[in-house]
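If you count by this note's numbering, then the sequence shown holds residues 1 to 386, one letter each, in order. All residues carry an ideal CB built from backbone N, CA and C; glycine is no exception.
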Amino acid sequence: KTDLTASKGHFPFIPLLPISTVILNTTHSGEIGTKKKVKRLLSFQRYFHASRLLRGIIPQAPLHLLDEDYLGQARHMLSKVGMWDFDIFLFDRLTNGNSLVTLLCHLFNTHGLIHHFKLDMVTLHRFLVMVQEDYHSQNPYHNAVHAADVTQAMHCYLKESRLASFLTPLDIMLGLLAAAAHDVDHPGVNQPFLIKTNHHLANLYQDIEQQLGSLILATDINRQNEFLTRLKAHLHNKDLRLEDVHDRHFMLQIALKCADICNPCRIWEMSKQWSERVCEEFYRQGDLEQKFELEISPLCNQQKDSIPSIQIGFMTYIVEPLFREWARFTGHSALSESMLSHLAHNKAQWKSLLPKQHRSSGDGSPDHKGPGTEAEEQTVAEGDAP
Numbered sequence: 001k002t003d004l005t006a007s008k009g010h011f012p013f014i015p016l017l018p019i020s021t022v023i024l025n026t027t028h029s030g031e032i033g034t035k036k037k038v039k040r041l042l043s044f045q046r047y048f049h050a051s052r053l054l055r056g057i058i059p060q061a062p063l064h065l066l067d068e069d070y071l072g073q074a075r076h077m078l079s080k081v082g083m084w085d086f087d088i089f090l091f092d093r094l095t096n097g098n099s100l101v102t103l104l105c106h107l108f109n110t111h112g113l114i115h116h117f118k119l120d121m122v123t124l125h126r127f128l129v130m131v132q133e134d135y136h137s138q139n140p141y142h143n144a145v146h147a148a149d150v151t152q153a154m155h156c157y158l159k160e161s162r163l164a165s166f167l168t169p170l171d172i173m174l175g176l177l178a179a180a181a182h183d184v185d186h187p188g189v190n191q192p193f194l195i196k197t198n199h200h201l202a203n204l205y206q207d208i209e210q211q212l213g214s215l216i217l218a219t220d221i222n223r224q225n226e227f228l229t230r231l232k233a234h235l236h237n238k239d240l241r242l243e244d245v246h247d248r249h250f251m252l253q254i255a256l257k258c259a260d261i262c263n264p265c266r267i268w269e270m271s272k273q274w275s276e277r278v279c280e281e282f283y284r285q286g287d288l289e290q291k292f293e294l295e296i297s298p299l300c301n302q303q304k305d306s307i308p309s310i311q312i313g314f315m316t317y318i319v320e321p322l323f324r325e326w327a328r329f330t331g332h333s334a335l336s337e338s339m340l341s342h343l344a345h346n347k348a349q350w351k352s353l354l355p356k357q358h359r360s361s362g363d364g365s366p367d368h369k370g371p372g373t374e375a376e377e378q379t380v381a382e383g384d385a386p
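As structure tokens, then:
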């Protein structure tokens, strides 16, 4: 078991595994060749490295929070950071690609966390830069901009009156940090692909414990039904006691899960961009799998899986059930109703973009309820969260 107490600075040290321990030995020559090709493609330098964040290594080139030319516009946007139509793509451009660092520094100040915990701004900024730089900017979807988007959504959820009055400063800090770090070092492929190629990230975080790790691990799409079933039971029994630390932590997990998959609940212009980005990531993985003669994962076949059909399935089986229960929890707040309205509008938009044969036959629309529903839900989950 990894000793998380052995660390450099305050960050757990995770040793770099030799390639020989990452790629399992096999007697089948074809399988050996495939694994070697995949290993080369992923690149040791890019993926088979211990995270700088986890090793506590400080980036040599500090990032400036804001480019002077865009300072005024970025500050104006930050004054509206609690609005659901906040444009994270524009904000990232205004901050010269430093949206996550800039946003978190602002939110830590807004929530009074810097004063409450007597945080040193230089140390905080250095830590946040390390988090931001451990995202892979070449990923179309799972990058630092996605982390910033999730963090902004989490900020909105933490302000919901049903939850806000019970939150401690520690709860708020954990929620924001978990949102910011939930996809750190994401390689741009889903968990089944990592398992098929015996990638070290499949087991890297298995020993992470305590509250922050628990929040981050709750975003695993394969645990969707587990959390949804538990939330439904709590709401049905009316037994949530948010003054209790365990119930409060559970609702922070739910809030982070909502923030992680809230793209379909954004306004169409932003939601569409995120949909295209995540599908590009899926298709890239499918191309890798096809090139190296691996079975193509669900949702990753560009010839068969269209963006509209992927998004409609994701909205129907993953997003809608969760956000309906979140609306129940918030007492159908203005924000939750707005999100459901955007979701319905965006789903209708994707339906209008379905290939004609799917619209006429009903094949492309997951609205039908029948024997294949459970299997389709599992397929969407296996494809990772758009």
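Point to revise | Where Trp-84 sits in the DSSP three-state scheme | key: Your numbering for residue 84 matches position 84 in the sequence shown. Coil.
Exercise for review: Leaving aside the five residues before and after Met-251 along the sequence, list all residues of the same chain whose C-beta is less than 8 Å from its C-beta, in chain order.
Suggested key: Taking the first residue of the sequence shown as 1, we reach residue 251 at position 251. Within the same chain, Met-251 has close Cβ partners Leu-163, Leu-240, Leu-242 and Phe-329.
Check your understanding: Cβ of Ala-181 versus every heavy atom of the ligand SAM: is any distance shorter than 6 Å?
Key -> Among the components of this structure there are no ligands whatsoever, and the ligand SAM is therefore not found.
Check your understanding: Can you give the Cα-Cα distance for Ile-216 and Lys-351, rounded to whole angstroms?
Key -> Against the sequence shown, residue 216 aligns to sequence position 216. Against the sequence shown, residue 351 aligns to sequence position 351. Each residue's alpha carbon lies about 32 Å from the other.
Review point. Buried or exposed: where does His-115 fall if 16 or more other Cβ atoms within 10 Å of its Cβ makes it buried?
Key: Counting from one through the sequence shown, the residue named residue 115 turns up at place 115. Exposed.
Check your understanding: Where does Gln-224 land, buried or exposed, given buried means 16+ other C-beta within 10 angstroms?
Key -> The residue labelled residue 224 in the question sits at position 224 within the sequence shown. Buried is the call here.
Check your understanding: Does the beta-carbon of Asn-98 have 16 or more other beta-carbons within 10 angstroms, so that it is buried, or is it exposed?
Key -> Along the sequence shown, one-based indexing puts residue 98 at 98. Buried, since its Cβ has 16 or more Cβ neighbours within 10 Å.
**Study point:** Selected residue, minimal CA-CA separation from Trp-84, among Trp-268, Met-121, Leu-231 and Arg-284
**Key:** The residue labelled residue 84 in the question sits at position 84 within the sequence shown. If we check each option's Cα against that of Trp-84, Trp-268 comes out closest.
Practice item. Could you please give the first and the last residue of the uninterrupted alpha helix (DSSP H) stretch that includes Gln-132? Key: Within the sequence shown, residue 132 is the residue found at index 132, counting from 1. Gln-132 -> alpha helix (DSSP H) spans 121-133.
Review point. Which of the three DSSP states, helix, strand or coil, is assigned to Leu-66?
Key: Counting from one through the sequence shown, the residue named residue 66 turns up at place 66. In this prediction, Leu-66 has a pLDDT of 47, which is less than 50 and means its spatial position is unreliable; nothing more can be read from the coordinates.
Exercise for review: Below 8 Å on the Cβ atoms is my guess for Phe-166 versus Arg-248; work out the distance and round it to an integer in Å.
Suggested key: Here residue 166 corresponds to residue number 166 of the sequence shown, with the count starting at 1. Here residue 248 corresponds to residue number 248 of the sequence shown, with the count starting at 1. About 6 Å; that satisfies the 8 Å criterion.
Practice item. Can you have a look at Arg-75 and say buried or exposed, based on whether 16 or more other CB atoms are within 10 angstroms of its CB? Key: Within the sequence shown, the letter at position 75 stands for residue 75. By the neighbour-count rule (16 or more Cβ atoms within 10 Å), Arg-75 is not buried but exposed.
Review point. Relative to the C-alpha of Leu-124, which residue among Leu-104, Asp-92 and Ser-137 is closest?
Key: For the purposes of this step, residue 124 is taken as the residue at position 124 of the sequence shown. It is Leu-104 whose Cα lies nearest to the Cα of Leu-124.
Check your understanding: How would you label Asp-120, buried or exposed, when you count the other beta carbons within 10 angstroms and need 16 or more for buried?
Key -> What you label residue 120 is simply residue 120 of the sequence shown in a count that begins at 1. Exposed is the call here.
Exercise for review: Take every Cβ of the segment 333-342, pair it with every Cβ of the segment 289-297, and state whether three or more of those distances are shorter than 8 Å.
Suggested key: no
**Study point:** Where the alpha helix (DSSP H) through Leu-240 begins and ends
**Key:** Taking the sequence shown and counting its residues from 1, one reaches residue 240 at position 240. Counting along the chain, Leu-240 falls outside any alpha helix (DSSP H), and DSSP gives it neither H nor E.
Exercise for review: Can you give me the Cβ contacts of Leu-177 inside the same chain, cut-off strictly under 7 Å, excluding the 5 residues immediately before and after it?
Suggested key: Position 177 of the sequence shown, counting from 1, holds the residue named residue 177. Correct list, in chain order: Leu-212.
Point to revise | Continuous alpha helix (DSSP H) stretch holding Leu-299: start and end | key: Along the sequence shown, one-based indexing puts residue 299 at 299. Counting along the chain, Leu-299 falls outside any alpha helix (DSSP H), and DSSP gives it neither H nor E.
Check your understanding: If you draw a straight line from the C-alpha of Phe-127 to the C-alpha of Lys-304, how long is it?
Key -> Walking along the sequence shown from the start, residue 127 turns up at place 127. Walking along the sequence shown from the start, residue 304 turns up at place 304. Cα to Cα, Phe-127 sits roughly 42 Å from Lys-304.
Point to revise | Per-residue burial, Asp-367 [other beta carbons within 10 Å of its own, 16 or more giving buried] | key: If you number the sequence shown from 1, residue 367 lands on position 367. With a pLDDT of only 41 at Asp-367, under 50, the local geometry of the prediction cannot be trusted, and the value read off the model is given with reservation. Asp-367 should be labelled exposed.
Exercise for review: Answer with buried or exposed for Lys-80, where buried requires no fewer than 16 other C-beta atoms within 10 angstroms of its C-beta.
Suggested key: On the sequence shown, position 80 is the one that residue 80 refers to. Flag for Lys-80 reads exposed.
Check your understanding: Exposed or buried, which one is Asn-423 when buried takes at least 16 other CB atoms within 10 Å?
Key -> Shown here, the chain extends from 1 to 386; a query on residue 423 therefore has no answer.
Practice item. Would you kindly report the start and end of the unbroken alpha helix (DSSP H) that includes Glu-276? Key: As a first step, residue 276 is located in the sequence shown; it is residue number 276 there, counting from the start. Residues 268-291.
**Study point:** From Phe-282, Ile-307, Asp-287 and Gln-290, residue whose alpha carbon lies closest to that of Lys-272
**Key:** To locate residue 272, count along the sequence shown from 1; it is residue 272. Considering only alpha carbons, the answer is Ile-307.
Point to revise | 7 Å CB neighbourhood of Asp-171 in its chain, flanking five on each side removed | key: Here residue 171 refers to the residue found at position 171 of the sequence shown. So the list reads Arg-248 and Leu-252, once near-sequence residues are dropped.
Exercise for review: Run through the segment 303-350 for me and flag every whole alpha helix (DSSP H) of 4 or more residues, listed as ranges in chain order.
Suggested key: You should have 307-314 and 320-329.
Review point. Leaving out five residues before and five after Pro-321 in sequence, what residues of the same chain have Cβ atoms less than 7 Å from its Cβ?
Key: Locating residue 321 in the sequence shown gives position 321, where the first residue counts as 1. If we look at Pro-321 and ignore the five residues flanking it on each side, its Cβ neighbours are Leu-228.
Practice item. Could you check if Asp-244 is buried or exposed, using at least 16 other CB atoms within 10 Å of its CB as the buried criterion? Key: Within the sequence shown, the letter at position 244 stands for residue 244. Exposed, by the Cβ-count rule.
Review point. Roughly how many angstroms separate the alpha carbons of Lys-232 and Ala-255, rounded to a whole number?
Key: Counting from one through the sequence shown, the residue named residue 232 turns up at place 232. Counting from one through the sequence shown, the residue named residue 255 turns up at place 255. Going by the C-alpha atoms only, they are around 14 Å apart.
Check your understanding: What separation, rounded to the nearest whole angstrom, lies between the Cα atoms of Gln-60 and Trp-326?
Key -> Translated into positions along the sequence shown, residue 60 becomes position 60. Translated into positions along the sequence shown, residue 326 becomes position 326. For Gln-60, the predicted structure reports a pLDDT of 40, less than 50, and the residue's modelled location is therefore unreliable. A value from the coordinates is still provided. Roughly 42 Å between the two C-alpha positions.
Exercise for review: Take the Cβ of Phe-117 as the centre, count every other Cβ of all protein chains shown within 10 Å, and call the residue buried at 16 or more, exposed below.
Suggested key: To locate residue 117, count along the sequence shown from 1; it is residue 117. The residue in question, Phe-117, is exposed, as its Cβ has fewer than 16 Cβ neighbours within 10 Å.
**Study point:** Whole-angstrom distance between Gln-302 and Ala-348, CA atom to CA atom
**Key:** To locate residue 348, count along the sequence shown from 1; it is residue 348. To locate residue 302, count along the sequence shown from 1; it is residue 302. Whole-angstrom Cα-Cα distance: 22 Å.
Review point. Smallest Cα separation from Ser-214: which of Leu-235, Leu-343, Leu-174 and Cys-300?
Key: Residue mapping note: residue 214 aligns to position 214 of the sequence shown, counting from 1. It is Leu-174 whose Cα lies nearest to the Cα of Ser-214.
**Study point:** Same chain, Cβ closer than 7 Å to Cys-156, neighbours up to 5 away in sequence not counted
**Key:** Residue numbering aside, residue 156 sits at position 156 when the sequence shown is read from its first letter. Around Cys-156: Gly-82, Trp-84 and Leu-335.
Exercise for review: Could you tell me whether the Cβ atoms of Thr-102 and Thr-95 are closer together than 7 Å?
Suggested key: The residue given as residue 102 occupies position 102 in the sequence shown. The residue given as residue 95 occupies position 95 in the sequence shown. Going by C-beta atoms, Thr-102 is nearer than 7 Å to Thr-95.
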